[in-house]
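Numbering (UniProt numbering), first residue to last: 1 to 540.
Structure representation (structure tokens):
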């Protein structure tokens, strides 16, 4: 317990200890010592964290580590949305000299002055004003966590600046780990026969498809389907927009229409829910890196970090990912605990143990995008398209600290920034087998089992996920570690399949083999989901 003495709980340390018999440590001191010495006051001030100069660490790296003690942040917003990019800044000497206090007498806020009314002309200031009466000679302080109470893990977040009690966090982590390991794996029923129907045969006419996705509109050319611009007239709605009850009502949608979304699919496509879904069913799964929801599990994460630090781990590297953003927006790789905690300020995130030793291809990091098709969750009818694609980083992989900021070293999605180096899947598979002396079919089998396990977990934790009027496509991103074991990265709703439509691909796996024409990709997807076909897909 950390409290002010004298304070609300009592005037002396002895009084507080007597009234709280279960307390072991008071302001960092053992209760037994307090009682022996009959201490009246125990200083409750937490010692500030200081950057330690590590052997071989450059001055630049030391400055970057210390930056998180001083950095401030804001994010711009207009009436429609919040900007995806956060702004980090450091105040001048005066602003940076303001120390923290829970009972601060000043507040500081960023202020942008735009003389032309445009962001390009903005000049930024920090405004400082008193919130209490102050006298000459008083220290000016601010609350580093203004507006953040214990319901938002205030005490744990103070660890970004101060040396908080390590024992507490280590205990929380061990309790969390014990709970995960106690979760029992639920055996899923055997794969049943198909219960879905060929919609073309049922309707006896061409199926009308409404879509807001250009590649679907351009590439869906089968005679069983026709594109319509009237959403009310559609038999099938294939959209990148979330369809909730409010939208259904506004658009006049009916229960007879098929939609490319399942209820409760957030348990898969939102990163914090995905980890929770897997952990509830599989406990500690070998194919999911240790993952923490920073909004609720910060204490456990700090305990895990400190535990690895005490064990002398060579690299205590973590990756922070926003709950619900794609394309690696606001994603950070760091080994700095203060940075992890401070980055919570830019929005809800998960913190996941970084795969420090991934399998490499010609010295570069890569991941794999698989396309999963779901006809039904009850029974689970899940298919994998025979084509998948590899996404390669542009720079050689490195664990040098200065590379953590290099997007093209540690990230692989180059569709939106960086240079995209497309590689045909069979060429990658052949090259990978030769480089690492492995059989890709063994790796492929492990990946398939992992993907099915993920979707089984969704069925077990959320039985209501099934809807007879839903059919959906998901992207599953996978990485291999240095032992060629698959690791789940994320599951994406309505994935961007521009690459699948752009290139003709020789299948590297699957039962039939052959070439999948890019222009036929959505014909294959719709054939599987709505016509019960199995061309160029494999059932899991």
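Idealized CB from N, CA, C, for every residue including glycine. Fair warning: this is a prediction, and the values are worked out from it, not measured in the lab.
CB-CB under 8 Å to residue i, same chain, minus the five flanking residues each way: which ones, in chain order?
i, result
"residue 210", "227, 228, 229, 230, 231, 233, 234, 236, 237, 238, 239"
"residue 501", "215, 218, 219, 518, 519, 521, 522"
"residue 222", "523, 526, 527"
So what does DSSP say about residue i, is it helix, strand or coil?
i, result
"residue 336", "coil"
"residue 299", "helix"
"residue 442", "helix"
"residue 518", "helix"
"residue 347", "coil"
"residue 532", "coil"
"residue 215", "helix"
"residue 455", "helix"
"residue 147", "coil"
"residue 352", "strand"
"residue 395", "strand"
"residue 99", "strand"
"residue 361", "strand"
"residue 406", "coil"
"residue 10", "strand"
"residue 68", "helix"
"residue 503", "coil"
"residue 463", "helix"
"residue 24", "coil"
"residue 321", "strand"
"residue 106", "strand"
"residue 468", "coil"
"residue 253", "coil"
"residue 537", "strand"
"residue 53", "coil"
"residue 1", "coil"
"residue 411", "coil"
"residue 527", "helix"
"residue 508", "coil"
Could you check how far apart the C-beta atoms of residue i and residue j are, in whole angstroms? I think they sit under 8 Å.
i, j, result
"residue 283", "residue 399", "The pair is not a contact, with the Cβ atoms about 29 Å apart (cut-off 8 Å)."
"residue 537", "residue 368", "17 Å between Cβ atoms; not a contact."
"residue 482", "residue 285", "Actually they are not in contact, since the Cβ atoms of residue 482 and residue 285 sit about 18 Å apart, beyond 8 Å."
"residue 377", "residue 466", "4 Å"
"residue 275", "residue 291", "4 Å"
"residue 333", "residue 404", "5 Å"
"residue 472", "residue 374", "5 Å"
"residue 493", "residue 265", "7 Å"
"residue 141", "residue 104", "5 Å"
"residue 107", "residue 131", "5 Å"
"residue 491", "residue 199", "Wrong, their Cβ atoms sit about 25 Å apart, outside the cutoff."
"residue 352", "residue 289", "5 Å"
"residue 262", "residue 380", "Actually they do not touch by this definition, with Cβ atoms about 12 Å apart."
"residue 138", "residue 100", "No, residue 138 and residue 100 are not in contact; Cβ-Cβ is about 15 Å, not under 8 Å."
"residue 448", "residue 540", "6 Å"
"residue 72", "residue 89", "6 Å"
"residue 556", "residue 281", "For residue 556 there is no data in the structure shown, the boundaries of the chain being 1 and 540."
"residue 300", "residue 469", "Not really, about 39 Å apart at Cβ, beyond 8 Å."
Take residue i and list the residues in its own chain whose beta-carbon comes closer than 6 Å to its own, dropping the five residues that flank it on each side.
i, result
"residue 428", "390"
"residue 421", "392"
"residue 206", "226"
"residue 294", "344, 349, 351"
"residue 324", "270"
"residue 166", "306"
Return the chain-ordered list of same chain residues with a C-beta closer than 7 Å to the C-beta of residue i, the five sequence neighbours on each side being excluded.
i, result
"residue 426", "506, 508"
"residue 419", "394"
"residue 489", "367, 477, 478, 479"
"residue 542", "The structure shown has nothing for residue 542, since the chain only spans 1 to 540."
"residue 74", "87, 110"
"residue 409", "393, 395, 397, 398, 403"
"residue 423", "390, 392"
"residue 10", "16, 19"
Could you tell me which residues DSSP pairs with residue i in its beta bridges?
i, result
"residue 373", "383, 473"
"residue 293", "350"
"residue 208", "226"
"residue 368", "390, 478"
"residue 162", "48"
"residue 487", "479"
"residue 87", "74"
"residue 123", "113"
"residue 492", "475"
"residue 141", "99"
"residue 420", "According to DSSP, residue 420 bridges with nothing at all."
"residue 130", "106"
"residue 30", "25"
Enumerated in chain order, which unbroken segments of the alpha helix (DSSP H) with a length of 4 residues or greater are wholly contained in the stretch 217-251? If you keep only unbroken alpha helix (DSSP H) runs of at least 4 residues inside the stretch 217-251, you get 245-251.
Where in the stretch 259-295 do unbroken runs of the alpha helix (DSSP H), each at least 4 residues long, occur, reported from the N-terminal end onward? Entirely contained in the stretch 259-295, the alpha helix (DSSP H) runs reaching 4 residues are, in chain order, 266-269, 271-282.
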